[in-house]
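**Student:**
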Amino acid sequence: MATLAQRPRLLLALRRPHPRSLRACAAAPCARRAPLPPQAARPRRVFLGLGATVIDQVTRMASGGTSSRSFVAGARPRQGVSPVEQILKNVEWLDEFPFKAEDFSRFDESSDTLFYSVPRFVTHIDDQAIQALTEYYSEVLPPSNTPGVAILDMCSSWVSHYPPGYKQEKIVGMGMNEDELKKNSVLTEYVVQDLNVNPKLPFEDNTFDVITNVVSVDYLTKPIDVFKEMRRILKPAGLAIMSSNFGYSFSNRCFWTKAISIWTSTGDADHAWIVGAYFHYAGGFEPPQAIDISPNPGRTDPMYIVYSRKKIA
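FYI, in full-length UniProt numbering the residues of the sequence shown are 1 to 313.
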């Protein structure tokens, strides 16, 4: 398992200032504080077991090889630095993909097509997190009505959280419910597809300038296949943006039973590392980066971004 060369304990810094009981995500800067002694740290939630591989392996690396099964936060971040923003710096990746098939199992393995057959016209993050994400998009997306620009909103629904009035000649939504996609006014076209059944994306090579994915990367059971497809359909130097309120896997606005085990078993910094691993092991991407755009840490929904660009051959 990869770890940080200079900050091996960051992946263990998973505690929030005010953790919310039984809330975690299923379907971004935080204040640093003085480190807690290990005996004072408590688990941020009950781990489901299958996904504990990440913390266990990183704990062993940080401790010089001794296995640990405590799965607790060893320290809080110091003032002014988000552990999410540090977790993908100076990563030493293993040669092989570190996750097992069971890490992508889910509590509910029933048909996703059936699960998503009823439209849900709700948002899965609160208004403050939506505003933070929209402001981020306004900074990084190509200007509205840029000639030749094509955008794919993967795992889309009835809203994409792009800036108000944002338009491009081609904005494709890919999601699970046609009624939701029809209602999304920013889309110029849409595709209904279950990526967990068929991760092959129905687009030509080098089609899109940007791919976005909001609070849905935790539902992907074949993430490497999907990320390889993302690389294929992105133009050279094309940007892939994975955003999530990673920590709230049991929010009543999310679908925790459909989230993968490795996600519901770990915390925020782990989640950013996991998505970074998807980019790395898919190949053909620049080193991924994570940023924390949480509008009011501890009081409103968090919002984190992990992004990368397709390498120019």
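Cβ coordinates follow ideal geometry from the N, Cα and C atoms, glycine included.
Quick caveat, the model's predicted, so the values are computed rather than measured.
For a quick check, are the C-beta atoms of S244 and S216 less than 9 Å apart?
**Tutor:** One-based indexing of the sequence shown puts residue 244 at position 244. One-based indexing of the sequence shown puts residue 216 at position 216. The answer is yes: Cβ separation under 9 Å.
**Student:** Please give me, in chain order, every unbroken run of the beta strand (DSSP E) with length at least 3 that falls completely inside the segment 139-222.
**Tutor:** 150-154, 170-175, 189-192 and 208-214
**Student:** Select from V306, M303, L239 and G175 the residue whose C-alpha is nearest the C-alpha of I312.
**Tutor:** Counting from one through the sequence shown, the residue named residue 312 turns up at place 312. Checking every option, the nearest Cα to that of I312 belongs to L239.
**Student:** Using only the alpha-carbon positions, how far apart do P199 and V226 sit?
**Tutor:** By one-based count along the sequence shown, residue 199 stands at place 199. By one-based count along the sequence shown, residue 226 stands at place 226. Looking at the two C-alpha atoms, the distance is approximately 5 Å.
**Student:** Quick one: using the 10 Å Cβ neighbour count with 16 as the cut-off for buried, is L141 buried or exposed?
**Tutor:** The count along the sequence shown starts at 1 and reaches residue 141 at position 141. Buried is the call here.
**Student:** Can you tell me whether E102 is helix, strand or coil according to DSSP?
**Tutor:** Taking the sequence shown and counting its residues from 1, one reaches residue 102 at position 102. Helix at E102.
**Student:** Please state whether DSSP places K311 in a helix, a strand or coil.
**Tutor:** For the purposes of this step, residue 311 is taken as the residue at position 311 of the sequence shown. The answer is coil: DSSP assigns K311 none of H, G, I, E or B.
**Student:** Around the C-beta of V197, are 16 or more other C-beta atoms found within 10 angstroms, so that it is buried, or is it exposed?
**Tutor:** Position 197 of the sequence shown, counted from the first residue, corresponds to residue 197. Burial state of V197 is exposed, judged by a 10 Å Cβ sphere holding fewer than 16 other Cβ atoms.
**Student:** Roughly how many angstroms separate the alpha carbons of F279 and E139, rounded to a whole number?
**Tutor:** Walking along the sequence shown from the start, residue 279 turns up at place 279. Walking along the sequence shown from the start, residue 139 turns up at place 139. Taking the straight line joining both Cα atoms gives about 22 Å.
**Student:** Here's the rule I'm using: 16 or more other beta-carbon atoms within 10 Å means buried, otherwise exposed. How should R309 be labelled?
**Tutor:** The residue given as residue 309 occupies position 309 in the sequence shown. Per the 10 Å Cβ criterion, buried.
**Student:** Reducing DSSP to helix, strand and coil, say where V91 ends up.
**Tutor:** In the sequence shown, counting from the first residue as 1, residue 91 sits at position 91. Reduced to three states, the DSSP call for V91 is strand.
**Student:** In the DSSP output, what is V306 paired with across the bridge?
**Tutor:** Within the sequence shown, residue 306 is the residue found at index 306, counting from 1. Paired residues: M242 and A290.
**Student:** Assuming R231 contacts A282 (C-beta within less than 8 Å), just tell me the rounded distance between them.
**Tutor:** Within the sequence shown, residue 231 is the residue found at index 231, counting from 1. Within the sequence shown, residue 282 is the residue found at index 282, counting from 1. That belief holds up - the Cβ atoms of R231 and A282 are roughly 6 Å apart, short of 8 Å.
**Student:** Per DSSP, I260 forms a beta bridge with which residues?
**Tutor:** Numbered from 1 along the sequence shown, position 260 holds the residue referred to as residue 260. Per DSSP, R106.
**Student:** Give me the Cα-Cα distance between M242 and E96, rounded to the nearest whole angstrom.
**Tutor:** Counted from its first residue, the sequence shown places residue 242 at position 242. Counted from its first residue, the sequence shown places residue 96 at position 96. Computed Cα separation, rounded: 22 Å.
**Student:** Since G276 is in the alpha helix (DSSP H), which residue starts that stretch and which ends it?
**Tutor:** Working through the sequence shown from its first residue, we reach residue 276 at position 276. That run of the alpha helix (DSSP H) goes D268 to A282.
**Student:** Is the segment 154-171 touching the segment 206-225 in the sense that three or more CB pairs, one from each, lie closer than 8 Å?
**Tutor:** yes
**Student:** Taking its Cβ as the centre, do 16 or more other Cβ atoms sit within 10 Å of R299, making it buried, or is it exposed?
**Tutor:** Residue mapping note: residue 299 aligns to position 299 of the sequence shown, counting from 1. The residue is exposed, with fewer than 16 neighbouring Cβ atoms inside 10 Å.
**Student:** Using three-state DSSP, classify P83 as helix, strand or coil.
**Tutor:** For this step, residue 83 is matched to residue 83 along the sequence shown. DSSP places P83 in helix when its eight states are reduced to three.
**Student:** Once DSSP output is grouped into helix, strand and coil, what is the label at F227?
**Tutor:** As a position in the sequence shown, residue 227 is number 227, starting the count at 1. F227 falls in the helix class under three-state DSSP.
**Student:** In whole angstroms, what is the alpha-carbon distance linking K89 and K100?
**Tutor:** Here residue 89 refers to the residue found at position 89 of the sequence shown. Here residue 100 refers to the residue found at position 100 of the sequence shown. Cα-Cα distance, rounded: 24 Å.
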